[in-house]
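Asks:
In the numbering used here, the protein residues as written are 6 to 235.
(1) Is the stretch 128-141 close to the stretch 96-105, with three or more CB pairs under 8 Å?
(2) Would you check if the distance between the CB atom of residue 173 and the CB atom of residue 131 is smaller than 8 Å?
(3) Between the alpha carbons of residue 91 and residue 67, how many angstroms are there, rounded?
(4) Hey, would you say residue 33 sits closer than 8 Å to residue 105, going by beta carbons?
(5) Determine, using beta carbons only, whether residue 190 and residue 219 come nearer to each other than 8 Å.
(6) So the alpha helix (DSSP H) residue 1 belongs to, where does it begin and stop?
(7) Within its chain, find whatever has a CB closer than 6 Å to the CB of residue 235; leave out the 5 residues flanking it on each side and keep chain order.
(8) What span of residues does the alpha helix (DSSP H) with residue 110 cover, start to end?
(9) Would you please state the rounded distance, in angstroms, between the beta carbons of residue 113 and residue 169? I believe it to be under 8 Å.
(10) Can you tell which of 38, 221, 196 has the C-alpha that lies nearest to the C-alpha of residue 232?
(11) Restricting to runs no shorter than 4 residues, where is the alpha helix (DSSP H) found entirely within the stretch 127-177?
(12) What does DSSP give as the partner residue(s) for residue 56 in the beta ladder?
(13) Within this structure, are the beta carbons of residue 312 and residue 37 separated by less than 8 Å?
(14) Contact check, residue 192 vs residue 229 under 8 Å by CB: the rounded distance?
(15) Report yes if the CB atom of residue 88 is closer than 8 Å to the CB atom of residue 73, and no otherwise.
(16) Name the DSSP bridge partner or partners of residue 206?
(17) Run the CB neighbour count on residue 171, radius 10 Å, all protein chains shown included, and call it buried at 16 or more, exposed below.
(18) Any idea which residues DSSP pairs residue 29 with across the strands?
(19) From which residue to which residue does the alpha helix (DSSP H) around residue 88 run?
(20) Going by beta-carbon coordinates alone, are residue 160 and residue 166 separated by less than 8 Å?
(21) Have a look at the DSSP bridge pairing and note the partners of residue 45.
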């Protein structure tokens with residue numbers, strides 16, 4: 006289901022699939038009619054509809070905002086990030102705000118960073134958030150402040166955040182410290198690997214080794230390569 010924001014059409018062919026912002030998907034319906042097994046498709050005995058409302062998108066529309074990140078759910082953290090940043094990347098601020106909230110929810114629910122299952126998802130969320138904090142040149146010690154802001158903003162809806170605030174904070178900061186060490190070790194190895202590279206092209210096996218052996222994200226390798234040869 007799409008909501009027409011009332012913005013002017015981008016062209017005479019403007020339609021809900023456009024990216025111009027006139028139409029916003031707020032709800033989806035999946036009509037389940039078939040079952041698939043090794044023999045192919047067959048009709049379900051009971052057909053049904055799976056439906057889901059985009060709560061934050063609905064809040065955005067009801068409040069007359071441009072994006073969900075402009076609503077009161079994200080606004081306090083977004084404003085603090087803008088205050089702290091030395092580089093201005095709106096996408097990075099959005100990633101940090103969303104990943105921080107998601108990480109806090111997972112930890113409050115009992116999740117912990119690991120290399121399997123939801124723990125792996127949590128680890129990836131925290132580490133990607135840290136990469137974007139670095140991209141904005143925000144001191145990583147400010148993570149504690151950002152967590153406090155989120156707890157204060159969301160505690161009425163999610164009292165478990167306040168109840169588990171210290172656990173949340175300690176878990177995220179501990180994972181941050183581990184990742185900082187990972188980045189330092191990976192950067193040293195990166196410098197070793199590129200000594201004999203003259204054409205600015207890093208072989209795939211080097212990128213893989215940095216990730217597989219040192220946990221060094223390919224995106225960080227790419228950023229370092231740009232800084233080295235550009």
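Ideal placement from N, C-alpha and C gives every residue a C-beta, glycine not left out. Keep in mind the model is a prediction, meaning the values are calculated, not measured.
Replies: Once the coordinates are examined:
(1) The stretch 128-141 is in contact with the stretch 96-105.
(2) The answer is no: Cβ separation not under 8 Å.
(3) Taking the straight line joining both Cα atoms gives about 33 Å.
(4) Not a contact, by the Cβ cut-off of 8 Å.
(5) The beta carbons of residue 190 and residue 219 sit closer together than 8 Å.
(6) Any question about residue 1 goes unanswered here, given that the chain covers just 6 to 235.
(7) At residue 235 the pLDDT is 47, less than 50, meaning the model places this residue with poor confidence and gives no usable figure here.
(8) First-last of the alpha helix (DSSP H) with residue 110: 95-113.
(9) Sure, about 5 Å apart at Cβ, within 8 Å.
(10) Taking residue 232 as reference, the option from 38, 221, 196 with the minimal CA-CA separation is 196.
(11) If we require 4 residues or more, the alpha helix (DSSP H) runs fully inside the stretch 127-177 come out as 148-159, 164-168.
(12) Paired residue(s): 34.
(13) Outside the modelled stretch of the chain, which goes from 6 to 235, sits residue 312, for which no answer is possible.
(14) For residue 192 against residue 229, the beta-carbon gap comes to about 7 Å, under 8 Å, which counts as contact.
(15) No, the pair does not count as a contact, with Cβ atoms beyond the cut-off.
(16) Residue 206 is not bridged to any residue.
(17) The residue in question, residue 171, is exposed, as its Cβ has fewer than 16 Cβ neighbours within 10 Å.
(18) 8.
(19) From DSSP, the alpha helix (DSSP H) with residue 88 extends over 80-89.
(20) For the 8 Å CB-CB criterion, residue 160 and residue 166 form a contact.
(21) The beta-bridge partner set that DSSP reports for residue 45 consists of 42.
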